[in-house]
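Quick notes on the structure that follows.
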Amino acid sequence: MSSRNALVRRTSGSRGVGETTAASAGHEHEHEPPWWSLSPERARTLLLVAARPTICALAATVVLVLVVMLTTGTDLTSAPGAVAATWLAAHQIPLTVGRTTLGLLPLVPTAVLVWAAARECARAIPSRPTPIDLGWLAASVLAGPLLLTAVCLAVTGDAAGVTPLEPPGPLTAFGWVILLYLGAAAAGIGSRSWRSLCALVPVEIPEWAVLGARAARRTMLRMLGCAALATVVSFFAHLSRLDGAYQQAENVTDVLGMTLLSLLYLPNVVIAAAGLLSGAAVQFGAGSVGLFGVTTAQVPALPALVPVPEGPAAAWWPVLLLVPIAIGVLAGIELGRTSDDRPGAPWATLTCAALSTLTMLLLAIVGGGQLGAVGRVGVDLLMLVVLMITWFGVGGFVGMVFARRFLAPAAPAEPEDDADYDDADYDYAYADDDYDEDDDYYYEDDEDEHDDTDDYDDDPAVEVDAEVLEDIDDDVEVSIAAPGSVTPPADDIVDAEVVEPDLPEGDRDTGR
């Protein structure tokens, strides 16, 4: 009798040595639940995705507004309108106070909200997401913020009689919320299962496009890192102007408020510095600041704007253009060394340049806006697009050609982990360590034959180390053999009585 089982091979959702034919897959597909059907556990997960980030953001907003109003001695009757306005401002929705439009809003609250939504979305992704799962997940990410935005629009409309705050247009408000949280959903899904996200594209994505997208991410991180470093250096170079930025502060509360506001606007300053390094001018209303010249500009007195250079432009400032050029060349060198597809490498370089420019353009749009009487504050968008596509495109192509001619190819990179990689189409459970490397299966002994007619349940496969017992009768056998006996019991049950012999009267000890 053999004591080894065969290999257990299954498809998704089966167990044991089940049938792996297309008929079973079609049978599972027929019983796939409709898109509106949700299990209680899945519905609970989606509810948390919709509610938890929104509730946490609302609680933080209420606490911040109350602290500010209590420290400044403001009447609490305007607290609901202030909370609603803060929520809208955190989502980059322009606000109008009286006749002043505030469109230049800090990016730190927006980044925190988007990060929280993306993190919650990533945690809720199933192991094998389907398009229906991704649709439910995106809808859940949008549901909570859209509902709260509608409430805030109604509150600002009711508070118009108490405060001079005018409610923004519903189309603008809902449009910003949808764009931000769709980006959060895409980031969350892409961080855990980017293959499932790419599967939604109706056309096949070539390999050079994937390489270009990864290179664009590294390029943008380098560009923003260099911009942050330039901002810090310029801040210490103009440290003498810091006292003037705090001239309007009358007490410690004003100093803390201006410092906190400057920290919230710090990403906006870094984005403007990145545009300045590329050669594009940063506009301050009618004035501008650039590497080739500075015109008269009305710069607000804020500590975050201390790094803004003053005119006239120095002769060495155009040397800073080497920063984006060097970043583009470095991206081209990486693509030239790591790409195995030589005809597709130039397309990967152009993809990197295009995606980097597009990302920088979106950041510049979000990081700029109207600032009251000053006017529009932000990077010149048209000049930014032209210069960045030039530096990254031409520099990347030069770097790619240089890498192919003078540098050795880099070692092939290991494949990135992905949620779909571990969940392959076939799972295997082995019954023993005696694996034959020349074959993909275990085999039973010759006298053991597998019965294909056995039925298996649909539970997930479990590794089992067991022995196959043959010739087992269905009826339960009861053994009446004496303990310790090696003789198997007889088939017939004997009705017997044990009679002990009479012992002599003098010996009553039975020995027991």
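With our numbering as the guide, the letters of the sequence shown map in order to residues 706 to 1217. Glycine included, C-beta positions come from ideal geometry on N, C-alpha and C.
Each residue's CA atom was taken as its position, placing Ile1038 and Ala794 some 42 Å apart.
Taking 8 Å as the cut-off, the beta carbon of Val994 is found closer than this to the beta carbon of Val1013.
In the three-state scheme derived from DSSP, where H, G and I count as helix and E and B as strand, Leu887 is classed as helix. Under the criterion of beta carbons closer than 8 Å, Ile798 and Ala878 qualify as touching, at roughly 5 Å.
Separation of the CB atoms of Thr861 and Pro872 is rounded to 4 Å, and the pair is thereby assigned contact status at 8 Å. Nearest neighbour of Trp792 by Cα position, chosen from Arg900, Glu825, Pro811, turns out to be Pro811.
In terms of Cβ geometry, Ile1094 and Ala1058 form a close pair [threshold 8 Å]. In this model, Arg897 and Cys761 are separated by some 23 Å (Cα to Cα). Secondary structure remark: continuous beta strand (DSSP E) runs of at least 3 residues inside the segment 976–1018, in chain order: 987–989, 992–994. Every unbroken stretch of the beta strand (DSSP E) spanning 3 or more residues and falling wholly within the segment 768–835 is given here in chain order: 800–802, 805–807.
DSSP lists no beta-bridge partner residue for Gln953. When rounded, the separation of the alpha-carbon atoms in Gly1077 and Met925 is 31 Å.
A distance of 8 Å or more separates the beta carbons of Leu982 and Cys903.
Within the model, the alpha-carbon separation for Gln1003 versus Arg1109 is close to 49 Å.
Here the alpha carbon of Gln988 sits roughly 6 Å from the alpha carbon of Val1084. By the neighbour-count definition (other C-beta atoms within 10 Å, threshold 16), Trp841 is a buried residue. Inter-residue distance for Leu853 and Thr759 is about 8 Å (C-alpha atoms, whole angstroms). Taking a cut-off of 8 Å for Cβ pairs, the segment 799–809 and the segment 946–963 do not touch, as fewer than three such pairs fall below it.
Only residues of its own chain outside the window of five on either side were considered, and among them Thr782, Ser783, Gly786 have a CB closer than 7 Å to the CB of Val867, listed in chain order. In terms of Cβ geometry, Val1079 and Pro1005 form a close pair [threshold 8 Å]. Leu743 carries a coil assignment under DSSP once its states are collapsed to helix, strand and coil. Counting only residues of its own chain and dropping the five nearest sequence neighbours on each side, Gly917 has a CB closer than 6 Å to the CB of Ala1053, Thr1056, Cys1057. Selection Leu944, Gly1074, Leu1068, Phe1102 evaluated against Ala1036 yields Phe1102 as nearest (Cα-Cα). Between Pro972 and Val1106, the gap from beta carbon to beta carbon reaches 8 Å or more.
The straight-line gap separating the alpha-carbon atoms of Val819 and Ala935 is approximately 26 Å. Here the alpha carbons of Leu1010 and Met1065 stand approximately 20 Å from one another. Between Ala821 and the set Leu763, Val770, Gly803, Leu775, the nearest pair of CA atoms involves Leu763. If you draw a straight line from the Cα of Leu887 to the Cα of Pro834, it comes to about 17 Å.
In this structure, Ala827 sits away from Ala755, with a CB-CB distance that is not shorter than 8 Å. Annotated as distal: Leu1026 and Ala979, with beta-carbon spacing of 8 Å or more. Inclusion of Arg757 and Glu825 in the CB contact set at 8 Å is warranted, their separation being smaller than that value.
Leu858 carries a helical assignment under DSSP once its states are collapsed to helix, strand and coil. When Leu1007, Pro1008, Pro1017 are compared, the shortest CA-CA separation from Thr1001 is found for Pro1017. When the alpha-carbon of Asp948 is set against those of Val937, Val938, Met963, the nearest one is in Met963. Here the C-alpha atom of Ser744 lies approximately 10 Å from the C-alpha atom of Thr750. Annotation note: the segment 1064–1101 contains the following uninterrupted beta strand (DSSP E) runs of length 3 or greater, listed N- to C-terminal: 1081–1084.
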